[in-house]
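Participant: Got a structure here, written out as structure tokens. Questions coming.
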Amino acid sequence: MSSTDTAVDERIKETSKLRKALIRPELGAIVGVIAVFAFFIVFAGDSGMFNAQGFLNWSTVSAQFVIIAVGACMLMIAGEFDLSVGSMIGFAGMSIALISVTLGWPIWVAILLTFVLCLAIGALNGLIVVRTGLPSFIVTLAFLFILRGFTIFFPQLIERRTIIGGISDVAEGDWLAPVFGGKIGGWFFDWLASMDMIDVFTRGTREGQPIVNGIPMLIIWALGLMIVAHVVLTRTQFGNWIFASGGDAQAARYVGVPVNRVKILMFMFTAFCGCVFATCQVMEFGSAGADRGLLKEFEAIIAVVIGGALLTGGYGSVIGAALGALIFGVVQQGLFFAGVESSLFRVFLGVILLFAVILNTYIRRIITGEH
Amino acid sequence: MKSVIKKTVVSAVAATAMFGANAAIAEGESYVMISHAPDSDSWWNTIKNGLALAGEQMDVSVEYRNPPTGDLADMARIIEQAAASGPDGIITTLADPDVLSGPIRNAVDSGIDVIIINSGSPDQARDIGALMYVGQPEYDAGFAAGQRAAGDGVSSFLCVNHYIAQPASTERCQGFADGLGVELGNQMIDSGQDPSEIQNRVMAYLNSNPDTDAVLTLGPTSADPTIMALDQMGLAGDIYFGTFDLGGDIVEAIRDGVIQWGIDQQPFLQAYLPVIVLTNYHRFGVLPGNNINSGPGFVTADALDLVAELAGEYR
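As you go down the protein sequences, you meet chains A and B in turn.
Basically this note's numbering = 1-based index in the first sequence + 76.
Basically this note's numbering = 1-based index in the second sequence + 1257.
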């Protein structure tokens, strides 16, 4: 809305441009990112946290959080929760392993089938929530147990163990596997190493090669998902439908928003994100384990809340959620770099969560004018 | 304004916590130990104590790290992180070679000496380029226990598995079954980690399979609730009961005759010895020529006093 070609409307309160630029859902997360980096530059600046290896370490961990936080954020804005994300990660990884290693099918078939399976489970989650009117908290809590149970049961039944390895071997030469588990930009790191700007291996068969040899596809997926979700949410009609469905579902129905469809699609998107997470992990590490993804659903929700989204739906930002995930990842790995006793990690997490929520509440009140 | 408050408080809390942790840091070499254990697993306390004691005695700085939920993929990130922070040595478990061998090999190749402890095997440790392996081979320990039980007339058993997601746990049960010379079949249950759930599942299994000869638990987490379950069912002291690992309640039960034996893999040594070995290697270039087996050792009612005194702390 430009104010140049319309007459000034005396009913609209004037706000300064600076204030408009500053007061956004992401503000709390932006402040948090700055604070967290300042903190670790002071306390862990010389610990290797900001060399190439350290940088890659915390950005990979953050990217993992971003992938699931983006899904959780969209769903939360649409007014629902998904507590089954963590179990979905374990389940999807195990599905890929069982189809490719045990059944011996090509890895691309395993990946595609697993995506179909995950999307179907996401849709089922959504359908049950929409049809029964039960809180998504309960429905997805049920799937948290159901999926985790199957993830332990099937490999135990078929292979008599709970970690299935050997995926790297079957993924050799596959066309789809590198999309999730590959690395790109290796030439750039070779060049950096040749300029003596990053460390190289000092012994073994890879002596002289750079320690960091590319950007994992995990990070590319995180950036891609974030950008797509942000554009959909803020630039499209469908994005408005998501906000409307979460803000006031009944009012949205009255104005013709297909609320049920939006919610089911968002459950499917969350499942998709969980599946991307699992596929990247399985392709990188070459094995699937029954304990993968434990408690990841809460980590996703925490990142989203740090990012300024409202637990009750209808309000939030994908960029905020991604920044929340960045804070989460940097703090988690940074505490190790700073040499903090690792059992204190949860204390920090709780403190950060609490302060982020308090800060975000004040920012939201300024934006929406509620008291 | 709020942000200023936020920043100040966060850094104040962080600073307080850090000074606490930094107190242990001494001059000299720095070593990082990484385990696969979730925060809730109390067994690793002995490891932490052994590590701290070795650090103190050798005047080196030691740190202990673990993935909070026990997720091995998170553990891989912690190994990468540890390598990036450039310590002199890394002491780590090898719970799943597929996941962990990449990060460990990267650490080895970037000039950090690695010792594998606890999980894994001597062969895997050698393949990965580690200096040595310190631990108790899980399958062999289970097999030895099975043979011992077979000698005592056991022919069927219940394996209470509280960490079924780890392959090492299944190997223990499988080894025991093979040592007995029976099929594992349905004799292993996934008990979960919650004490009252474990207790109920053990009672349910023994009620529906009344002719079970023996119970095998895989650590204090499953042993303590199992002791309670047997007490309630009136089977304590009647049914043959063996367990992996030691803890306060287990030692008490061995004394009372409820548990016949506990397999001590002596975790203290798994944490203590690698620090000693690494420090001497880095200071004087000397290295023992073989892997070190910290267990299995069977703890029975004889000579229990020293174990009882130090259980949960150093034993």
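Glycine included, every Cβ here is placed at the ideal spot set by N, Cα and C.
Just so you know, these numbers come straight off a predicted model, no measurement behind them.
Can you give me the C-alpha to C-alpha distance between G1519/B and G1499/B, rounded to a whole angstrom?
Facilitator: Taking the straight line joining both Cα atoms gives about 6 Å.
Participant: How is the beta strand (DSSP E) around R1429/B delimited, first residue to last?
Facilitator: Per DSSP, R1429/B belongs to no beta strand (DSSP E); it is in the alpha helix (DSSP H), 1424-1437.
Participant: Just checking my contact of F1414/B with T1469/B at CB under 8 Å: how many whole Å lie between their CB atoms?
Facilitator: Right, their Cβ atoms sit about 7 Å apart.
Participant: Distance check for V1532/B and R282/A, CA to CA, integer angstroms please.
Facilitator: When rounded, the distance between both Cα atoms is 27 Å.
Participant: Under 8 Å: do the stretch 1418-1433 of chain B and the stretch 235-247 of chain A share three or more Cβ pairs, one atom per stretch?
Facilitator: At 8 Å Cβ cutoff, the stretches touch.
Participant: Do you know whose CA, among V394/A, T190/A, A366/A, T346/A, lies nearest T216/A's CA?
Facilitator: Of the listed residues, the one whose Cα sits closest to T216/A is T346/A.
Participant: Does DSSP put F431/A in a helix, a strand or coil?
Facilitator: In the structure shown, F431/A sits in a helix (DSSP, three-state: H, G or I).
Participant: To the nearest angstrom, how far is the alpha carbon of A1387/B from that of I1373/B?
Facilitator: C-alpha separation (whole angstroms): 7 Å.
Participant: How would you list, in chain order, the residues of chain A whose beta-carbon sits under 9 Å from the beta-carbon of L1329/B?
Facilitator: Per Cβ cutoff of 9 Å: I239, F361, S363, G365, D367, R368.
Participant: Considering only DSSP beta bridges, list what D1370/B is partnered with.
Facilitator: D1370/B pairs with G1346/B.
Participant: Our contact map puts V1508/B next to T1483/B with C-beta atoms below 8 Å; I'd like the distance itself, whole angstroms only.
Facilitator: With 8 Å as the limit, V1508/B and T1483/B do not qualify as a contact, their Cβ atoms being about 15 Å apart.
Participant: For N1375/B, decide whether its Cβ has a neighbour in chain A, counting only Cβ atoms nearer than 8 Å.
Facilitator: With 8 Å as the cut-off, N1375/B does not count as an interface residue toward chain A.
Participant: Contact criterion: CB-CB distance below 8 Å. Does A1333/B meet it with respect to chain A?
Facilitator: At least one chain A Cβ lies under 8 Å of A1333/B.
Participant: Could you list which residues in chain B have their beta carbon closer than 9 Å to that of R100/A, in chain order?
Facilitator: Within 9 Å Cβ-Cβ: nothing; R100/A doesn't reach chain B, min ~14 Å.
Participant: Within 10 angstroms of the Cβ of Y330/A, are there 16 or more other Cβ atoms? Answer buried if so, exposed if not.
Facilitator: So Y330/A ends up on the exposed side.
Participant: Any beta carbon of chain B sitting closer than 8 Å to that of L399/A?
Facilitator: No, L399/A lies away from the interface with chain B (no Cβ there is under 8 Å from its Cβ).
Participant: With DSSP run on the structure shown, which of helix, strand or coil describes M1290/B?
Facilitator: Looking at M1290/B - three-state DSSP - the assignment turns out to be strand.
Participant: Please report how far the alpha carbon of V1417/B lies from the alpha carbon of A1471/B, in whole angstroms.
Facilitator: Rounded to the nearest angstrom, the two C-alpha atoms are 11 Å apart.
Participant: What is the rounded straight-line gap between the Cα of G1377/B and the Cα of T208/A?
Facilitator: Spanning the two alpha carbons is a distance of roughly 48 Å.
Participant: Measuring only between beta-carbons, confirm whether N1279/B sits less than 8 Å from chain A.
Facilitator: Interpretation of N1279/B is limited by its pLDDT of 41, a score under 50 that renders its predicted location unreliable; the figure taken from the coordinates is listed afterwards. For N1279/B, the answer is yes, since a Cβ of chain A falls inside 8 Å of its Cβ.
Participant: Please determine if the stretch 1440-1457 of chain B and the stretch 1491-1506 of chain B are in contact, where contact requires at least 3 C-beta pairs separated by less than 8 Å.
Facilitator: No, the stretch 1440-1457 of chain B does not touch the stretch 1491-1506 of chain B.
Participant: Is it true that the CB of G147/A sits closer than 8 Å to the CB of A432/A?
Facilitator: It is not a contact, given that the beta carbons lie outside the stated cut-off.
Participant: Within the same chain, show all residues whose beta-carbon is closer than 7 Å to that of G1327/B, passing over the 5 residues directly before and after it, in chain order.
Facilitator: So the list reads H1293, A1294, P1295, once near-sequence residues are dropped.
Participant: Quick check: is the beta carbon of V460/A nearer than 8 Å to any beta carbon in chain B?
Facilitator: The requested residue 460/A does not occur in the structure, where chain A is confined to residues 77 to 447.
Participant: Give the secondary structure of L94/A by DSSP, where H, G and I count as helix, E and B as strand, and everything else as coil.
Facilitator: DSSP places L94/A in helix when its eight states are reduced to three.
Participant: So is R441/A buried or exposed if we call it buried at 16+ other beta carbons inside 10 Å?
Facilitator: Exposed, because fewer than 16 other Cβ atoms sit within 10 Å of the Cβ of R441/A.
Participant: What is the rounded straight-line gap between the Cα of G257/A and the Cα of S123/A?
Facilitator: Whole-angstrom Cα-Cα distance: 28 Å.
Participant: What would DSSP say about T238/A, mapped onto helix, strand or coil?
Facilitator: In this structure, T238/A counts as coil in the three-state DSSP scheme.
Participant: In terms of residues, what are the limits of the alpha helix (DSSP H) holding N1464/B?
Facilitator: Note, N1464/B: alpha helix (DSSP H), 1452-1465.
Participant: Is the stretch 1323-1337 of chain B touching the stretch 1526-1546 of chain B in the sense that three or more CB pairs, one from each, lie closer than 8 Å?
Facilitator: The stretch 1526-1546 of chain B, when compared against the stretch 1323-1337 of chain B, does not touch it at the 8 Å Cβ threshold.
Participant: Would you say N1375/B and Q1527/B are within 8 Å of each other, going by their C-beta atoms?
Facilitator: Closer than 8 Å, so yes.
Participant: What's the C-alpha gap between D1353/B and N316/A?
Facilitator: If you take the alpha carbons of D1353/B and N316/A, they lie about 46 Å apart.
Participant: Nearest by alpha-carbon distance to T388/A: which of I153/A, G104/A, Q232/A is it?
Facilitator: For the residues I153/A, G104/A, Q232/A, the minimum Cα distance to T388/A belongs to I153/A.
Participant: Starting from F1498/B, trace the beta strand (DSSP E) in both directions and tell me its first and last residue.
Facilitator: Note, F1498/B: beta strand (DSSP E), 1497-1501.
Participant: Does the beta-carbon of R1322/B have 16 or more other beta-carbons within 10 angstroms, so that it is buried, or is it exposed?
Facilitator: Counting Cβ neighbours within 10 Å, R1322/B comes out buried, since at least 16 surround it.
Participant: Answer yes if the stretch 391-399 of chain A comes into contact with the stretch 159-170 of chain A, meaning at least three C-beta pairs across the two stretches below 8 Å, and no otherwise.
Facilitator: No, they do not touch.
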